[in-house]
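For the sequence shown, numbering that gives the first Met the number 0 assigns the number 0 to the initial residue and increments by one for each residue that follows.
All residues carry an ideal CB built from backbone N, CA and C; glycine is no exception.
Bear in mind that the values here come from a model prediction, so they are computed numbers and not experimental data.
Have a look at the structure below, then the notes.
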Amino acid sequence: MSTDESRLIARILDGHAEDFGYFLESYGDSVLAMISRLVDGQADAEDLTQDVFVKAYDKLPMFDRRSSFSTWLYRIAYTTTVSWLRKQKLHYVSIDEHQQIDEADIDETLAMDSEESLARLEAAIEQLRPEEKMLVNLYYFDERPQNEIAYIMGIGQGSVATRLHRIRKKLHLLMTTDK
């Protein structure tokens, strides 16, 4: 975390609430983008983004500086969004995780870059559970390191790699069975 952000947090905690606007301005678009990848409606994504910043402001005294402010904020966004999605009682696709699939086949399926295969990949990602979608987005699209992903999602770092492997397998199956 930058020294400037540390100073701002100290000022906010000393009663200068107006300084929190810096964080909304700095991170609002990225939090909205992350939530929008998980939630279908733009209005719902905007409402959830607002909830995230309210929670972040309320929890600011608990920010422990073990991570960057943005990583801490993403963790709040993740838990808020997944909690909201669970209340929606949506149904997601599951696969037989014990099915043997050759890694080369998975790599080949996911490496195709035609418009058709990219459309199939996007459709497959939409069928993932929120936790799986978040993992894909944080790792592949936001290019966050595994230790940050583990913190954001509240899981062990080893679990990140294991879950990514399972998700790749699931995406392969979804893409090859929906042809």
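DSSP three-state assignment for residue i, whether helix, strand or coil
i: Leu194; result: Absent from the model: residue 194. The displayed extent of the chain is 0 to 178, so no value can be given.
i: Lys86; result: helix
i: Glu107; result: helix
i: Arg119; result: helix
i: Ser66; result: coil
i: Glu24; result: helix
i: Arg10; result: helix
i: Asp141; result: coil
i: Asp3; result: helix
i: Gln49; result: helix
For residue i, the first and last residue of its enclosing alpha helix (DSSP H)
i: Leu170; result: 156-176
i: Met152; result: 145-152
i: Ala16; result: Taken as a continuous stretch (DSSP letters only), Ala16 belongs to no alpha helix (DSSP H), as it is neither H nor E.
i: Gly40; result: Segment: none, Gly40 is in no alpha helix (DSSP H) and carries neither H nor E.
Status (buried if at least 16 other CB within 10 Å, exposed otherwise) for residue i
i: Tyr138; result: buried
i: Glu114; result: exposed
i: Val53; result: exposed
i: Phe22; result: buried
i: Thr161; result: exposed
Do three or more CB pairs link the stretch 65-74 to the stretch 16-29 at distances below 8 Å? yes
Three-pair Cβ contact test at 8 Å for the stretch 77-91 versus the stretch 37-48: yes
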